[in-house]
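Scroll down for the structure; my scribbles are underneath it.
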Amino acid sequence: MAETYSPPVRCTTTDAVATITLDQSAQLNALTTDAKRELLALLLAAAADDAIRAVVLTGSGRAFCAGQDLAEHANALAADPGAAFDTVTEHYNPIVASLAGMPKPVVAAINGVCAGAGIGFALACDYRVAARSAKFSAAFAGVGLTADSGLSWSLQRAVGASRASAMLMLGRPFGAEEAASTGVVHEVVDDIELESRATAVATQLANGPTLAFAAMKTALRRAASMSLEDTLAMEAQLQSGLALSSDHQSAVQAFMNKSRPQFEGR
Ligand code: T3D
Numbered sequence: 197m198a199e200t201y202s203p204p205v206r207c208t209t210t211d212a213v214a215t216i217t218l219d220q221s222a223q224l225n226a227l228t229t230d231a232k233r234e235l236l237a238l239l240l241a242a243a244a245d246d247a248i249r250a251v252v253l254t255g256s257g258r259a260f261c262a263g264q265d266l267a268e269h270a271n272a273l274a275a276d277p278g279a280a281f282d283t284v285t286e287h288y289n290p291i292v293a294s295l296a297g298m299p300k301p302v303v304a305a306i307n308g309v310c311a312g313a314g315i316g317f318a319l320a321c322d323y324r325v326a327a328r329s330a331k332f333s334a335a336f337a338g339v340g341l342t343a344d345s346g347l348s349w350s351l352q353r354a355v356g357a358s359r360a361s362a363m364l365m366l367g368r369p370f371g372a373e374e375a376a377s378t379g380v381v382h383e384v385v386d387d388i389e390l391e392s393r394a395t396a397v398a399t400q401l402a403n404g405p406t407l408a409f410a411a412m413k414t415a416l417r418r419a420a421s422m423s424l425e426d427t428l429a430m431e432a433q434l435q436s437g438l439a440l441s442s443d444h445q446s447a448v449q450a451f452m453n454k455s456r457p458q459f460e461g462r
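Residues 197 to 462 (the numbering used here) make up the sequence shown, in order.
This is the structure:
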């Protein structure tokens with residue numbers, strides 16, 4: 197009997213929210229080359245589609261993502277250790293760049309195990325909701341690696357440099373409440389509420405000023421390594437661009453008319 201192909205990553209769209217689900221639950225959604233390619237393709241498609249105004253990233257089963265698929269990595273090391281890490285530039289870096297650079301908000305719905313590159317992907321998202329049972333681990337030190345997927349940049353911004361070095365070097369697993377208290381995630385909800393809460397946040401954001409959100413993402417990312425003077429100049433330029441947007445003009449009119457603004461993402 198012919199085997200049916202089951203894609204490693206799925207995408208469903210409801211209204212203006214695309215939900216991208218890592219779907220290889222037997223291996224805790226560890227990242228195979230196929231999964232990384234598919235994820236990148238779906239992220240690029242969501243970025244390019246103006247009808248999509250927010251994205252949710254999640255996993256199936258009991259994991260969000262356990263990081264690199266180590267079985268595949270072991271084979272790559274055996275075949276050619278010099279080329280085994282090409283996946284960082286070919287897949288991980290473009291995936292993180294497309295999450296962080298997505299011109300619309302991305303919500304991570306962290307449903308369970310979140311390790312290695314999985315934490316890097318979550319921290320590249322704009323808002324993170326964790327299920328109460330979720331478990332986090334930097335994991336890189338455990339396999340003799342330094343952090344990738346942007347974690348060297350994003351983790352210390354989320355939790356502070358001091359906690360970041362301890363999380364990376366000790367690799368101690370921690371739960372959702374600690375993830376919230378240290379700044380790894382924004383909020384924790386009961387497992388049964390994760391999907392509805394993440395969808396509610398994404399829907400709220402999808403109904404917001406999409407162009408302004410894209411500008412906020414650009415500004416926050418770039419300002420992290422800019423002087424105050426350069427930041428002020430960048431902000432002036434971004435605001436001038438937004439002055440032309442229909443969302444800004446109609447929201448100002450709505451304020452003057454004492455009505456609620458209706459944002460259309462343009
Ligand atoms: O080129 C490059 O590779 C560079 C990129 C690196 C990026 C990275 O992400 S490096 C970090 C890689 N990830 C890890 O080191 C995590 C490895 N996994 C674990 O430590 C544990 O599985 C967890 C702590 C995440 C969860 O533990 P537990 O007890 O809840 O589950 P388990 O029994 O260990 O795993 C369940 C199954 O998933 C198991 O398969 P089996 O025995 O039932 O057939 C396990 O082998 C599989 N699995 C879990 N993580 C991975 C994995 N298979 C492949 N790769 C994994 N990362």
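Every residue, glycine too, gets a C-beta built ideally from N, C-alpha and C.
Secondary structure note for G314: it is in no beta strand (DSSP E), and the uninterrupted alpha helix (DSSP H) holding it is 313 to 319. Listed in chain order, the non-local C-beta contacts of V381 below 6 Å within the same chain comprise R324, A326, A375, local neighbours out to five positions each way being set aside. With contact defined as three or more Cβ pairs closer than 8 Å, the stretch 202 to 222 and the stretch 394 to 401 are in contact.
Around the beta-carbon of D282, fewer than 16 other beta-carbon atoms lie within 10 Å, marking it exposed.
Nearest to K331 by alpha-carbon distance, out of A320, G312, E234, S345, is G312.
Closer than 7 Å to some heavy atom of ligand 1: that describes the Cβ of Q264.
In the three-state reduction of the DSSP assignment, E460 falls in the coil class, being assigned neither a helical nor a strand state.
If you draw a 10 Å sphere on the C-beta of S441, you find 16 or more other C-beta atoms in it, and that means buried. Its chain contains V205, C207, I216 as the residues whose beta carbon lies nearer than 7 Å to that of L238, once the 5 sequence neighbours on both sides are disregarded; these appear in chain order. Setting aside the 5 residues that flank it on each side, A247 has no residue in the same chain whose C-beta is closer than 6 Å to its C-beta. Short note on T229: C-beta not closer than 7 Å to any heavy atom of ligand 1. Not one heavy atom of ligand 1 is found less than 7 Å from the C-beta of S350.
Within the same chain, and ignoring the five residues on either side of T406 in sequence, the residues whose Cβ sits closer than 6 Å to its Cβ are R249, K300, G461. Judged by DSSP in its simplified three-state form, A304 adopts strand.
The straight-line gap separating the alpha-carbon atoms of L424 and A411 is approximately 17 Å. Contact between the stretch 363 to 373 and the stretch 256 to 263 is absent, with fewer than three C-beta pairs closer than 8 Å. In terms of Cβ geometry, V384 and R328 form a close pair [threshold 8 Å]. Listed in chain order, the non-local C-beta contacts of G314 below 7 Å within the same chain comprise F260, C261, A262, G263, local neighbours out to five positions each way being set aside.
The Cβ atoms of L390 and A305 sit closer than 8 Å to each other.
A distance criterion of 7 Å places the beta-carbon of V309 in contact range of ligand 1, judged by its closest non-hydrogen atom. Secondary structure at R206: strand, using DSSP grouped into helix, strand and coil.
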